[in-house]
Amino acid sequence: MNWIQNCWQVGAIAREIDAGLLGRTIMDERIVFFRDFDGQPVALEDRCPHRIYPLSRGRYADGVIECGYHGLRFDSRGRCVGIPGQTSIPERARVRAYPVVERYGWIWVWIGDAKRADPALVPAGYHWVDEPGWRAVHGYTHFAANYQLLVDNLLDLSHETFVHPDLIGNRTIAENPVSAEIVDDRYVHAYRSMPNIIPAPFFRDVNAIPGRIDRYHATFYTPPSYIVVESRAVPAGSTDPKLATERRNLFPLSPESATSTHMFWCVVRNNRLDDRELDGFIFEKGALTQEQDRAVLEEQQRLIGDDPGVRFPVAIRVDAGPTLGRRLHERVLRAGRGETLRSEVTA
Amino acid sequence: MNWIQNCWQVGAIAREIDAGLLGRTIMDERIVFFRDFDGQPVALEDRCPHRIYPLSRGRYADGVIECGYHGLRFDSRGRCVGIPGQTSIPERARVRAYPVVERYGWIWVWIGDAKRADPALVPAGYHWVDEPGWRAVHGYTHFAANYQLLVDNLLDLSHETFVHPDLIGNRTIAENPVSAEIVDDRYVHAYRSMPNIIPAPFFRDVNAIPGRIDRYHATFYTPPSYIVVESRAVPAGSTDPKLATERRNLFPLSPESATSTHMFWCVVRNNRLDDRELDGFIFEKGALTQEQDRAVLEEQQRLIGDDPGVRFPVAIRVDAGPTLGRRLHERVLRAGRGETLRSEVTA
Amino acid sequence: MNWIQNCWQVGAIAREIDAGLLGRTIMDERIVFFRDFDGQPVALEDRCPHRIYPLSRGRYADGVIECGYHGLRFDSRGRCVGIPGQTSIPERARVRAYPVVERYGWIWVWIGDAKRADPALVPAGYHWVDEPGWRAVHGYTHFAANYQLLVDNLLDLSHETFVHPDLIGNRTIAENPVSAEIVDDRYVHAYRSMPNIIPAPFFRDVNAIPGRIDRYHATFYTPPSYIVVESRAVPAGSTDPKLATERRNLFPLSPESATSTHMFWCVVRNNRLDDRELDGFIFEKGALTQEQDRAVLEEQQRLIGDDPGVRFPVAIRVDAGPTLGRRLHERVLRAGRGETLRSEVTA
Numbered sequence: 503m504n505w506i507q508n509c510w511q512v513g514a515i516a517r518e519i520d521a522g523l524l525g526r527t528i529m530d531e532r533i534v535f536f537r538d539f540d541g542q543p544v545a546l547e548d549r550c551p552h553r554i555y556p557l558s559r560g561r562y563a564d565g566v567i568e569c570g571y572h573g574l575r576f577d578s579r580g581r582c583v584g585i586p587g588q589t590s591i592p593e594r595a596r597v598r599a600y601p602v603v604e605r606y607g608w609i610w611v612w613i614g615d616a617k618r619a620d621p622a623l624v625p626a627g628y629h630w631v632d633e634p635g636w637r638a639v640h641g642y643t644h645f646a647a648n649y650q651l652l653v654d655n656l657l658d659l660s661h662e663t664f665v666h667p668d669l670i671g672n673r674t675i676a677e678n679p680v681s682a683e684i685v686d687d688r689y690v691h692a693y694r695s696m697p698n699i700i701p702a703p704f705f706r707d708v709n710a711i712p713g714r715i716d717r718y719h720a721t722f723y724t725p726p727s728y729i730v731v732e733s734r735a736v737p738a739g740s741t742d743p744k745l746a747t748e749r750r751n752l753f754p755l756s757p758e759s760a761t762s763t764h765m766f767w768c769v770v771r772n773n774r775l776d777d778r779e780l781d782g783f784i785f786e787k788g789a790l791t792q793e794q795d796r797a798v799l800e801e802q803q804r805l806i807g808d809d810p811g812v813r814f815p816v817a818i819r820v821d822a823g824p825t826l827g828r829r830l831h832e833r834v835l836r837a838g839r840g841e842t843l844r845s846e847v848t849a
Numbered sequence: 503m504n505w506i507q508n509c510w511q512v513g514a515i516a517r518e519i520d521a522g523l524l525g526r527t528i529m530d531e532r533i534v535f536f537r538d539f540d541g542q543p544v545a546l547e548d549r550c551p552h553r554i555y556p557l558s559r560g561r562y563a564d565g566v567i568e569c570g571y572h573g574l575r576f577d578s579r580g581r582c583v584g585i586p587g588q589t590s591i592p593e594r595a596r597v598r599a600y601p602v603v604e605r606y607g608w609i610w611v612w613i614g615d616a617k618r619a620d621p622a623l624v625p626a627g628y629h630w631v632d633e634p635g636w637r638a639v640h641g642y643t644h645f646a647a648n649y650q651l652l653v654d655n656l657l658d659l660s661h662e663t664f665v666h667p668d669l670i671g672n673r674t675i676a677e678n679p680v681s682a683e684i685v686d687d688r689y690v691h692a693y694r695s696m697p698n699i700i701p702a703p704f705f706r707d708v709n710a711i712p713g714r715i716d717r718y719h720a721t722f723y724t725p726p727s728y729i730v731v732e733s734r735a736v737p738a739g740s741t742d743p744k745l746a747t748e749r750r751n752l753f754p755l756s757p758e759s760a761t762s763t764h765m766f767w768c769v770v771r772n773n774r775l776d777d778r779e780l781d782g783f784i785f786e787k788g789a790l791t792q793e794q795d796r797a798v799l800e801e802q803q804r805l806i807g808d809d810p811g812v813r814f815p816v817a818i819r820v821d822a823g824p825t826l827g828r829r830l831h832e833r834v835l836r837a838g839r840g841e842t843l844r845s846e847v848t849a
Numbered sequence: 503m504n505w506i507q508n509c510w511q512v513g514a515i516a517r518e519i520d521a522g523l524l525g526r527t528i529m530d531e532r533i534v535f536f537r538d539f540d541g542q543p544v545a546l547e548d549r550c551p552h553r554i555y556p557l558s559r560g561r562y563a564d565g566v567i568e569c570g571y572h573g574l575r576f577d578s579r580g581r582c583v584g585i586p587g588q589t590s591i592p593e594r595a596r597v598r599a600y601p602v603v604e605r606y607g608w609i610w611v612w613i614g615d616a617k618r619a620d621p622a623l624v625p626a627g628y629h630w631v632d633e634p635g636w637r638a639v640h641g642y643t644h645f646a647a648n649y650q651l652l653v654d655n656l657l658d659l660s661h662e663t664f665v666h667p668d669l670i671g672n673r674t675i676a677e678n679p680v681s682a683e684i685v686d687d688r689y690v691h692a693y694r695s696m697p698n699i700i701p702a703p704f705f706r707d708v709n710a711i712p713g714r715i716d717r718y719h720a721t722f723y724t725p726p727s728y729i730v731v732e733s734r735a736v737p738a739g740s741t742d743p744k745l746a747t748e749r750r751n752l753f754p755l756s757p758e759s760a761t762s763t764h765m766f767w768c769v770v771r772n773n774r775l776d777d778r779e780l781d782g783f784i785f786e787k788g789a790l791t792q793e794q795d796r797a798v799l800e801e802q803q804r805l806i807g808d809d810p811g812v813r814f815p816v817a818i819r820v821d822a823g824p825t826l827g828r829r830l831h832e833r834v835l836r837a838g839r840g841e842t843l844r845s846e847v848t849a
């Protein structure tokens, strides 16, 4: 797979590595995540160079990993710091350490050229997680599908009507026209206004707005796989911004392999911030929504097979977002690994 | 796989599509079966041309399929008749429609050249399903084995002794000689008389003939995969045709892939026509019998592997039927797709 | 796979074939094991030459196998002795018979050149099973890993510390130095003394020596895959041989395929010979120990993939045994199939 590697990818939800070792493959690289003695996140090559065994299956204590087969110990920089039965450490006894940053409740890892791993390049568009007056709920879903199928999916929300009719979709979405554009040659903006509609069940329950609403949603996509979905509702006809319920749905998608993807997702809202029951409700419905997409996209991947150069025979109007997304992705990919991605995942 | 495609293949038991959509692969082609507004059977390519997703996973109403991903709608001729959010329909928004016929309780589909799809070519040998004075029970079993292994199996019923000893076989079968011939260069006829034998358990229960019987069975095979098995029993020594119990076991076998087959099966009998309990008994024992064959043939397929040109090292006398069957099949295959198959599956 | 075939491999624990047919693949060859009329072990090609079906799925009576598909019968020399419906037997109706020997509670089979299959070449080092004053417990574990990974594992027992901490390992093992040498160009001897240590749980329970012990273990390896592990414990500081508890752990490893292995294992002890509860305890803990190794080696195999030429990047001191083992194995393999293996698996 021809990856765009010089960028930050989410490897884990931060709390996943609070308790110990986590093995996860990002862009075909097996990585073990953990915290060092000071609690700082670490990402190492997940493969002991002694007898080729995953370090993530070993033991962890005080910021050091001990291999579960012969007990070689590695520190947070990937240097071997102990070999049972000997005091000298061979030069080659080391594993690769990846640049890593903890931000917005996620552990970000840089697979490409480490010299270019600037923490300032972590997509700023995910700032919503830390924004005062907003509340975030994190989740994770594994997809056996290429990440571009997930990007297509999130850039065309008309599918909510057909894939999520009982949750976030109803007939009013697909019939409203979508607009899409590439902005500054850096990201895709696709958006749709749905005036005076009956809200789908999830929105009715979360927004707590009685009756019809004016709904608006927009997807922002920055290659290779950063998505923010903006969602807004007001009582139909209202122009009072204080009555607006807003959410940002954050999707830093991390390719696992050519045919599988880690979907990290986070729903950030500006209403009922202290409502812990609503947190649980959003998590549950979010997970259900991703499961519905997963069923569709995994079947789509099976039909497509392993062909990375698939062409879709027929384009329609709702494809405006995905079409621009693929075009911008191709442009970034062709520009080569030498191009550092900007961080504008805007919403 | 080098298929014989210019012929009718069973795609479904008719009642399977009464309630909605059915996705099934025939000769490597994914097809969705359903009924149009008038109840007529339809077979379409099971792949939405918009984003490559199986239509069989969509919704169905009033003879129209709606894709489960973005809601494109297709009629029974495969034409797109609706796209959410737009009124114009692109030229390429269509899926292939296969010729289809409903007959003998089955939905028949024609994968090859549609111009040659003459309903008169549906194998007339399966007329027993509709015959007055006879009663049919339909079933279906999936085999992870090439269809020619199933044809071999049904053309040599000596295997009943070893594979089905508790149901339809006992030691008396394999010891009686089999005769076989190619008739009119069109079908294989293999048959065996078993005079004065103790009936196997299934025959004892179904025939309701006390004591020893004269048993007769014959297999008729027309390439590529049409089988009729004739089965007859009379009290030993009797020449009174009124005492004869007869069955026709119909097997229109439909290749799914090079290593898997849809076995449609139907048992038609001329006795105890109104006995609903006997219907259930025959269905249950039929299903058990196919399961026993399935275990054997799937293991045989595993040992053979994917080699389509397998040669069996040793031939014995009971192979007379299978040997002629393979010969006739080869002849039809070499004659090319240009040859329309005749419909004589005789019994 | 480039096998060393001119040697005896264990195909079964002897009692596995007392009751009937056993199908097992050795070095990619499918074999059916059973006993002939006189109780002598037999190993035949597990593939009926009539229609390519495993004989091990058939029936067995009086030293003869009957194929489960069409009833062809084969005797212990692989000759067809019966075909239903005919009296003549075709010349080619035979299966390969492999030389076979029953010894030390195992059925040994010779896959290579039958003319060189000398029973004297059965590894004499396994004589402990029959030794007066010793008691043997047999077991079997399947590994989805190449046999050389198992040899590596048993030639470096420092892994006990990390893989088996609750059973046979503790921190004192890996810290004691190991010695290793190739003896007479025929076998590898790797050994370690552990004076005045606290015994690991299994040893504490089995040895019944209170307090600290002097422990000693040694692995003897003869290519391709014969292992004997010697284990000895005395009360710390004692020189009285009568106080020593000894065991021989026998591992005739039989390759199944390039990535899987039959681990036959046998624990032979010189104490508490009549203690049937101890037999059960040893079996249970032995099986648990192999399961722990299985989890590690199968994961190691997955990481390595199918590459037979894998090189381990870093060598450390405890690798002395495995390194010599791989070197001797390579030498035997290069010497070609023409070299008959000697039988010195010494302990």
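As you go down the protein sequences, you meet chains S, H and D in turn. Under my numbering, residues 503 to 849 are what the first sequence spells out, in order. Under my numbering, residues 503 to 849 are what the second sequence spells out, in order. Under my numbering, residues 503 to 849 are what the third sequence spells out, in order. Ideal placement from N, C-alpha and C gives every residue a C-beta, glycine not left out. Values in this document were obtained by computation on a predicted structure and should not be read as measured data.
Is the shortest distance between the beta-carbon of S:Ser558 and the beta-carbons of chain H less than 8 Å?
For S:Ser558, the answer is no, since every Cβ of chain H falls outside 8 Å of its Cβ.
Closest residue to D:Val812 among D:Asn648, D:Leu524, D:Gly573 (Cα-Cα distance):
In terms of CA proximity to D:Val812, D:Asn648 leads the group D:Asn648, D:Leu524, D:Gly573.
With 8 Å set as the bound, which would you pick, yes or no: does the beta-carbon of H:Arg833 sit closer than that to a beta-carbon of chain S?
So no, H:Arg833 is outside the interface.
May I have a chain-ordered list of the beta strand (DSSP E) segments no shorter than 3 residues that lie completely inside the stretch 739 to 802 of chain H?
With a minimum length of 3 residues, the continuous beta strand (DSSP E) runs that stay inside the stretch 739 to 802 of chain H are 747 to 759, 762 to 771.
Can you check whether the C-beta of D:Gln794 is within less than 8 Å of a C-beta belonging to chain H?
Answer no: the Cβ-Cβ gap between D:Gln794 and chain H never drops below 8 Å.
Distance between D:Leu524 and D:Leu843 (C-alpha atoms, nearest Å):
Reliability of the predicted coordinates at D:Leu843 is poor, the pLDDT of 47 falling under 50, and the value obtained from them is presented with this limitation in mind. Taking the straight line from one Cα to the other gives about 27 Å.
Distance between H:Asn655 and H:Tyr723 (C-alpha atoms, nearest Å):
Whole-angstrom Cα-Cα distance: 11 Å.
By DSSP, does D:Trp636 sit in helix, in strand, or in coil?
Coil.
Closer than 7 Å: is that where the CB of S:Glu683 sits relative to any heavy atom of the ligand NAD?
The ligand NAD is absent from the structure shown, which contains no ligands of any kind.
With DSSP as the reference, label D:Asp716 as helix, strand or coil.
When DSSP states are grouped into helix, strand and coil, D:Asp716 belongs to the strand group.
Whether or not the stretch 773 to 787 of chain H and the stretch 694 to 714 of chain H are in contact is what I'm after, with contact meaning three or more pairs of Cβ atoms, one per stretch, closer than 8 Å; do they touch?
With the cut-off at 8 Å, the stretch 694 to 714 of chain H and the stretch 773 to 787 of chain H touch.
Cβ neighbour criterion (16 or more within 10 Å) applied to H:Ser845:
Here the model assigns H:Ser845 a pLDDT of 48, short of 50, so the residue's position is not dependable, and the following value carries that caveat. Of the residues assessed, H:Ser845 falls on the buried side of the cut-off, its CB having 16 or more other CB atoms within 10 angstroms.
Report the rounded CA-to-CA distance for H:Ser695 versus H:Ala760, giving the unit in angstroms.
Cα atoms of H:Ser695 and H:Ala760: separation of roughly 34 Å, rounded to the nearest angstrom.
Please report whether the beta-carbon of D:Val816 lies at a distance below 8 Å from any beta-carbon of chain S.
At a cut-off of 8 Å between beta-carbon atoms, D:Val816 makes contact with chain S.
Would you list the one or two residues that DSSP bridges to D:Gly641?
Paired residues: D:Trp767.
Can you name the residues of chain H whose CB is closer than 9 Å to the CB of S:Ile519?
In chain order: nothing, as chain H lies at least about 35 Å away.
Rounding to the nearest angstrom, what Cα-Cα distance links S:Arg537 and S:Tyr689 in this structure?
C-alpha separation (whole angstroms): 33 Å.
Assigned exposure category for S:Ala692 - 16 Cβ within 10 Å defines buried
The residue in question, S:Ala692, is buried, as its Cβ has 16 or more Cβ neighbours within 10 Å.
So, under 8 Å CB-CB, D:Val631 and D:Ala622 are touching, yes? Tell me the CB distance rounded to an integer number of Å.
Their Cβ separation, rounded to whole angstroms, is 17 Å, which puts D:Val631 and D:Ala622 out of contact at 8 Å.
Excluding the 5 residues preceding and the 5 following S:Val602 in the sequence, name in chain order all residues of the same chain whose CB lies nearer than 7 Å to its CB.
If we look at S:Val602 and ignore the five residues flanking it on each side, its Cβ neighbours are Pro543, Val544, Ala545, Ile609, Trp610, Val611.
Could you check whether D:Phe664 and S:His572 sit closer than 8 Å to each other, using their CB atoms as the reference points?
Yes. Within cutoff.
Report the rounded CA-to-CA distance for H:Pro634 versus D:Ile519, giving the unit in angstroms.
Going from the Cα of H:Pro634 to the Cα of D:Ile519 covers about 56 Å.
S:Val798 CB to nearest chain H CB: under 8 Å?
Closer than 8 Å: yes.
Which residues does DSSP pair with S:Glu691 in a beta bridge?
Before going on, a small fix: residue 691 of chain S reads as His here, not Glu. Looking at the DSSP assignment, S:His691 forms a beta bridge with S:Glu683, S:Phe722.
Should S:Pro712 be labelled buried (16 or more other beta-carbon atoms within 10 Å of its own) or exposed?
Result: exposed.
Quick one: Cα of S:Ile670 to Cα of S:Trp636, how far?
Rounded to the nearest angstrom, the two C-alpha atoms are 21 Å apart.
May I have the straight-line CA-CA distance separating H:Tyr606 from H:Gln511, to the nearest angstrom?
If you take the alpha carbons of H:Tyr606 and H:Gln511, they lie about 13 Å apart.
H:Ile699: which of H:Gly584, H:Tyr562, H:Tyr718, H:Thr741 sits nearest, CA to CA?
The residue from H:Gly584, H:Tyr562, H:Tyr718, H:Thr741 with its alpha-carbon nearest to that of H:Ile699 is H:Tyr718.
Chain D contacts made by the stretch 652 to 678 of chain H, where a contact means CB separation under 8 Å:
Here the close residues are Asp654, Asp658, Ser660, His661, Thr663, Phe664, Val665, Ala676, Glu677, Asn678.
Is there a C-beta anywhere in chain H that falls below 8 Å from the one on D:Arg553?
It does: the Cβ of D:Arg553 has a partner Cβ on chain H nearer than 8 Å.
Residues that D:Ile585 contacts on chain B, provided the C-beta gap is smaller than 8 Å:
No chain B appears in the structure shown, which is made up of the protein chains S, H and D.
For D:Ser681, I'd like the list of residues in its chain whose CB is within less than 6 Å of its CB, leaving aside the five on either flank, ordered along the chain.
A distance below 6 Å between beta-carbons, with the five flanking residues on each side excluded, links D:Ser681 to the following residues of its chain, in chain order: Tyr693.
Cβ-Cβ separation, S:Ala735 to S:Asn709 (assumed contact under 8 Å), whole Å:
Yes, they are in contact, since the Cβ atoms of S:Asn709 and S:Ala735 sit about 5 Å apart, within 8 Å.
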